[in-house]
Amino acid sequence: MTNISFPEPTITAVSKPFWDKVAEKQFYLQQCDDCAQWVFYPRAHCPHCFGSHLTWKEASGQGKLKSWSMVHRTGHPAWQERTPYAVGIVELAEGPSLLTHLLINEQELHYQLPVEISFQSLNERLLPFFQKKGD
Ligand SMILES: [Zn+2]
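Below you can see the structure in the form of structure tokens.
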């Protein structure tokens, strides 16, 4: 297999704190100081009350599986040797949903499956994947 690099996340000034924490194996989300709602993806304004006072806080890294899909043909060749794998939407315990790579066998995937974060290294960068809770 040729050595193809995985595509890197696009890191902006707004999302940089998220990725800086992930690099330390920590999972932080923004919480709105005005309405107390948690926010993901990283933003400059709260999508619930449009306030601009968002504070980065440590999140549980826990959630439940809301939806998923098995990937057999990838959008980028670097992922092809990992197929088949699952991607899914995790409803985080704090409320927001996150699209993520799932480290779960297809036979074990089900709606509301309890999941937890698992930091995985690709291209020497840590990424927030999710696994079955307790694995
Ligand atoms: Zn708000």
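50 is the number that the UniProt record's numbering gives to position 50 of the sequence shown; each next residue is one higher, with no gaps.
For glycine and all other residues, C-beta sits at the position ideal for the given N, C-alpha and C.
query                                                                                            : result
Using three-state DSSP, classify GLU106 as helix, strand or coil.                                : helix
Have a look at LEU65 and SER52 and give me their C-alpha separation to the nearest angstrom.     : 30 angstroms
Alpha carbons only, please: which of GLU91, CYS35, SER121 is nearest the one belonging to SER60? : GLU91
Start and end of the alpha helix (DSSP H) containing VAL22?                                      : 16-22
Please state whether the Cβ-Cβ distance between HIS72 and THR55 is less than 8 angstroms.        : no
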